[in-house]
Amino acid sequence: RNSHFAVIDLGMSSSVIDTYQAGRFFVGKTSATGLGNTAAALAKALETDELKALEMILAMDPDPTCRQAVSDYVDQVVADAVRTTDYFRSRNQMTPVEQVYLCGGGARIPGIVHMIQDRLNLPVQEIGTLLSSLMGDRDGTGAGLSAYAAAAGCTLMRSEERRVGKECRTVC
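Here it is, written out as structure tokens:
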């Protein structure tokens with residue numbers, strides 16, 4: 047288990063990058079880069095509604111405009127992640143973040159783990175991997191880990207940013 051890691055929550059209205067030192071929260075950044083903004087830009091470019099654009103993104107539609115929108119979204123998230131992990135390293139005797147975990151709706155985009163991993167040059171996994179190691183995959187099917195992931199996402203939010211939102215209302 048890596049003790050210095052980052053969690054990137056790819057939400058609809060924003061992305062949150064939190065870093066952890068020895069398993070404890072160290073520093074985080076909230077970015078306006080959200081999946082909803084990407085869907086809105088794609089909808090405008092394709093002259094369609096935002097729900098259709100979001101469905102295209104989550105299905106990784108082969109349309110070149112969709113592919114470019116996802117690539118731009120990943121570039122923005124990675125730029126914020128690099129700034130946050132560089133700051134972490136500068137404040138921790140040059141000890142780097144060793145692992146990145148993804149959660150949130152954007153983590154459902156097919157191939158996004160590999161896209162972020164390639165651009166960050168760090169191991170990236172969905173947060174279910176971390177939760178499985180912490181909670182155990184009791185029946186070997188992964189069933190129940192999505193509920194743990196939702197609860198973990200609410201728990202990982204820094205206390206000053208907690209709010210009752212659509213994402214957490216049913217869990218928290």
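Start counting the sequence shown at 47; every next residue gets the next number (our numbering). Ideal placement from N, C-alpha and C gives every residue a C-beta, glycine not left out. Predicted model, so just to flag it, every value in this text is computed and none were measured.
At the level of alpha carbons, what is the spacing between residue i and residue j?
i, j, result
"A105", "Y119", "15 Å"
"T65", "A127", "9 Å"
"L97", "A68", "40 Å"
"A99", "P169", "29 Å"
"G74", "V62", "7 Å"
"D132", "P142", "8 Å"
"S221", "P110", "Only positions 47 to 218 of the chain appear in the structure, and residue 221 is not among them; the question remains open."
"I155", "I162", "11 Å"
"S117", "T84", "10 Å"
Taking 8 Å as the cut-off, decide whether the C-beta atoms of residue i and residue j are in contact.
i, j, result
"F134", "F72", "yes"
"A52", "V159", "no"
Which of the three DSSP states is assigned to residue i in this structure?
i, result
"G152", "helix"
"V159", "helix"
"E10", "Nothing in the structure corresponds to residue 10, since the chain is present only between 47 and 218."
"V122", "The residue asked about is misnamed: residue 122 is Gln in this sequence, not Val. Three-state result, Q122: helix."
State the CB to CB distance for the pair residue i and residue j, rounded to an integer number of angstroms; the pair is presumed to be in contact (CB under 8 Å).
i, j, result
"M102", "L81", "No, M102 and L81 are not in contact; Cβ-Cβ is about 12 Å, not under 8 Å."
"T76", "V123", "With 8 Å as the limit, T76 and V123 do not qualify as a contact, their Cβ atoms being about 12 Å apart."
"A115", "A87", "6 Å"
"G157", "D55", "Contact flag wrong, Cβ pair sits at about 19 Å."
Legend entry - Sequence ranges, beta strand (DSSP E) only - wholly within the region 50 to 117, length at least 3: Taking only runs of at least 3 residues, the beta strand (DSSP E) segments lying wholly in the region 50 to 117 are 51 to 56, 61 to 67 and 70 to 77.
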